[in-house]
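Using UniProt numbering, read the sequence shown as starting at 1 and increasing by one per residue. From the three backbone atoms N, C-alpha and C, an ideal C-beta is built for every residue, glycine too. The model shown is predicted, which means the values in this text are computed figures rather than measured ones.
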Amino acid sequence: MAVTVAAANGTLRTCSGVSPTAPGGRRAAVLGRWRPLAPANLRLSSPAVRVPRATSAAAVEDWSNTDIVPIPKVIIDQDSDPDATIVEITLGDRLGELLDTMNALKNLGLNVVKASVCLDSTGKHNKFSITKASTGRKIDDPELLEAIRLTIINNMIVYHPESSSQLAMGATFGPEAPTEEVDVDIATHIDIYDGPERSLLVVETADRPGLLVDLVKIIADININVQSGEFDTEGLLAKAKFHVSYRGKPLMEALKQVLSNSLRYFLRRPTTEDASF
Numbered sequence: 001m002a003v004t005v006a007a008a009n010g011t012l013r014t015c016s017g018v019s020p021t022a023p024g025g026r027r028a029a030v031l032g033r034w035r036p037l038a039p040a041n042l043r044l045s046s047p048a049v050r051v052p053r054a055t056s057a058a059a060v061e062d063w064s065n066t067d068i069v070p071i072p073k074v075i076i077d078q079d080s081d082p083d084a085t086i087v088e089i090t091l092g093d094r095l096g097e098l099l100d101t102m103n104a105l106k107n108l109g110l111n112v113v114k115a116s117v118c119l120d121s122t123g124k125h126n127k128f129s130i131t132k133a134s135t136g137r138k139i140d141d142p143e144l145l146e147a148i149r150l151t152i153i154n155n156m157i158v159y160h161p162e163s164s165s166q167l168a169m170g171a172t173f174g175p176e177a178p179t180e181e182v183d184v185d186i187a188t189h190i191d192i193y194d195g196p197e198r199s200l201l202v203v204e205t206a207d208r209p210g211l212l213v214d215l216v217k218i219i220a221d222i223n224i225n226v227q228s229g230e231f232d233t234e235g236l237l238a239k240a241k242f243h244v245s246y247r248g249k250p251l252m253e254a255l256k257q258v259l260s261n262s263l264r265y266f267l268r269r270p271t272t273e274d275a276s277f
């Protein structure tokens, strides 16, 4: 597997090309041209997602004496490069070369065609350009995108177990579950914005395994065309941006309401009455 590292000799460079942050802390969304995720070709059973494990825990770094653990972030970006999926991983300044993570991605049938490391005020950003080995193209299968996300998070927890309590997936993969549980009803925000040819769906909610796959399934089930976007894991929260359209046009107000209601119903906290059936 050929990997080109932009930061030569381990020297960090200043970050460039990182998506800007919008007012209120949300990353700015950029509308562009992206290949649709064809609903007919999607395999959307989230329990089928298989996550390769890290090969060894020998390289675990000991940060147990550090008082403040930074918020882990994993960004899967389909917007920045038309030919590759961009993955960005941040855990303050704690991450090393992530060779085991790249090997785990290779085991998923992927190629890391370029890697770079940069440093800014939020920490060290490890960025990978990833393509599917069989086609040489960017990944448009939501199950595979979710497998990438879970693989990276699993490796982060293996080599940095202190991150386990900061990630929702720590309850599934890690040695320590989060000390506080996010109230999904409070954490969930759904917004839909119109562009000239499509709409931008922005979802923020409590994270959990399989969330990316399930969101795409809900959208596709009401015959809305899903296009590339961005899926961010920030500690206990997940933030998704999808370019969506209906018959090649932005969503009508009635369809926006249907989409918003469907997502809220799926993401909300289950009630006793629902659980009794």
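Query, Result
"Cβ-Cβ separation, Lys138 to Gln78 (assumed contact under 8 Å), whole Å", "7 Å"
"Anticipated Cβ contact below 8 Å, Val203 with Ile222, distance rounded", "About 15 Å separates the two Cβ atoms, so there is no contact after all."
"C-alpha distance - Pro70 paired with Glu162, whole-angstrom precision", "10 Å"
"Reference Ser80; option with closest CA among Asn225, Gly109, Lys127, Ile148", "Lys127"
"Glu88, DSSP secondary structure in three states", "strand"
"Inter-residue Cα distance where the pair is Leu200 and Tyr246", "12 Å"
"Reduced DSSP secondary structure (H/G/I, E/B, other) of Glu197", "coil"
"Whole beta strand (DSSP E) elements within the UniProt domain \"ACT\" (200-270), 3-residue minimum", "225-234, 237-245"
"Simplified DSSP state of Val69, which is helix, strand or coil", "coil"
"Distance between beta carbons of Phe231 and Leu144, contact taken as under 8 Å", "At roughly 12 Å, the Cβ-Cβ gap does not stay under 8 Å, so Leu144 and Phe231 are not in contact."
"Among Pro196, Arg149, Glu176, nearest to Ile86 - alpha-carbon criterion", "Arg149"
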